[in-house]
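Working notes, structure below.
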Amino acid sequence: MDLFSNSSVYNFSKDNVPALRVKAPATLDIETLDCFSNQLRNPEDTIEQLDWDRINPATGPVYIEGAEPGDALKVTVNRIDLNEKGTVCCLENEGVLGHLFKGSHIRVAPVKDGYVHYLDLKIPVKKMIGVIGVAPAGDPVSNGTPGPHGGNMDTLMITEGATIYFPIFAPGALFALGDCHAVMGDGEIGVSGLEIPAKINVTLEVVKGKAPKYPILEDKESFAIIVSKPTVDEAIAHATELMCEFLEQRLTSYTRPEIVMLMSLTGDVRISQVVDPEKTVRFVFPKKYAAGAEF
Ligand code: CA
Ligand code: ZN
């Protein structure tokens, strides 16, 4: 293990002291706590016992030598190894349906043989990383909040095999990650996925001078631009504009209206989460209609 979960931070900040310094490209094993700092691991645990000062830890930060503002940090998620059980919660007056029930509730669910065993149901595991990013440009940003720097994007596509390009705002980038989920639905409507400790293997590289405006994800099938804004409407508008710009720079034989029509025919607006202080949306474009396009 290169980085244990006792090196954790609760915000992304250019002033955070690095837990580790690496030269890029670097491949690391990083251990993460769940979003409750592993405080709710047993069925008899309650939200009332929670120390709220230890919510949403991210392991890090990692200082990448030579990473400068204006560069992109390229993060490839090679592997996510989940713990054997996770915790889901819902809280009165939190999330989309919090006005419909009383009190705080948790359920602990075993994760075994590729399934989450929730109540009497078997739900196929869909591993993902909720919090991942770099230090922002200005003031520190709590790990609960997503933004141009990444953070709490709670996006299903951030999983094994995905590569995410982050804009770098501070020397060394100060990369950190945490908040893994064994499964979550788009929207995360009840405020949590199946929150679970994990070990994550990532490769960190620097792409000089190519900072995107918001995180851009690439996997086998797609490019996705992940935008967080105070409302879903604003996030959709901006993610769509950024994808149009991204495609225009790469599919140079098409006019802008042709690209808009192509996006309308083949691209998807997808909701990542609607329960954090800023809402996260992704515009997903299939790579097969952007032959040869690269980040
Ligand atoms: Ca989260
Ligand atoms: Zn989470």
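Per the numbering used here, the very first residue in the sequence shown carries number 17; after that it's consecutive.
Even glycine gets a Cβ: it sits at the ideal position worked out from N, Cα and C.
A direct Cα-Cα distance of roughly 11 Å separates Gly194 from Ile71. Distance from the CA atom of Leu36 to the CA atom of Pro77, rounded to whole angstroms, is 7 Å. Along the length of the segment 51-137, whole beta strand (DSSP E) runs at least 3 residues long occupy 74-81, 88-98, 101-107, 120-128, 131-134, reported in chain order. Annotation for Cys51 indicates a beta carbon within 7 Å of some heavy atom of ligand 1. When DSSP reads this structure, Val218 sits in a beta bridge with Leu44, Val93.
As computed with DSSP, Arg298 is found in a beta bridge with Ile242, Arg286. Bounds of the alpha helix (DSSP H) holding Met259 are 248-266.
For Ile180, the enclosing beta strand (DSSP E) covers residues 179-183. A distance of 8 Å or more separates the beta carbons of Leu258 and Ile275. Nearest in C-alpha terms to Asp235, of all of Glu294, Pro213, Ile180, is Ile180.
According to the DSSP assignment, Met144 belongs to the beta strand (DSSP E) that extends over 144-149. Residue nearest to Asn32 within the set Thr256, Lys39, Ala74, Ile46 is Ala74 (criterion: CA-CA distance). Relative to ligand 1, the beta carbon of Gly146 is positioned inside 7 Å of a heavy atom.
The Cβ atoms of Ser23 and Leu49 do not sit closer than 8 Å to each other.
Cβ neighbours of Ser120 within its own chain (closer than 6 Å, five residues either side excluded): Ile63, Leu107. In this structure, the alpha-carbon of Pro34 lies about 40 Å from that of Lys304. Proximity of the segment 192-212 to the segment 79-88 falls short of the contact definition, fewer than three beta-carbon pairs being nearer than 8 Å. At least one heavy atom of ligand 2 sits closer than 7 Å to the Cβ of Asp195. Counting other Cβ atoms within 10 Å of its Cβ, Lys295 reaches 16 or more and is therefore classed as buried. Taking every protein chain shown into account, the CB of Thr43 has fewer than 16 other CB atoms within 10 angstroms, so this residue is exposed.
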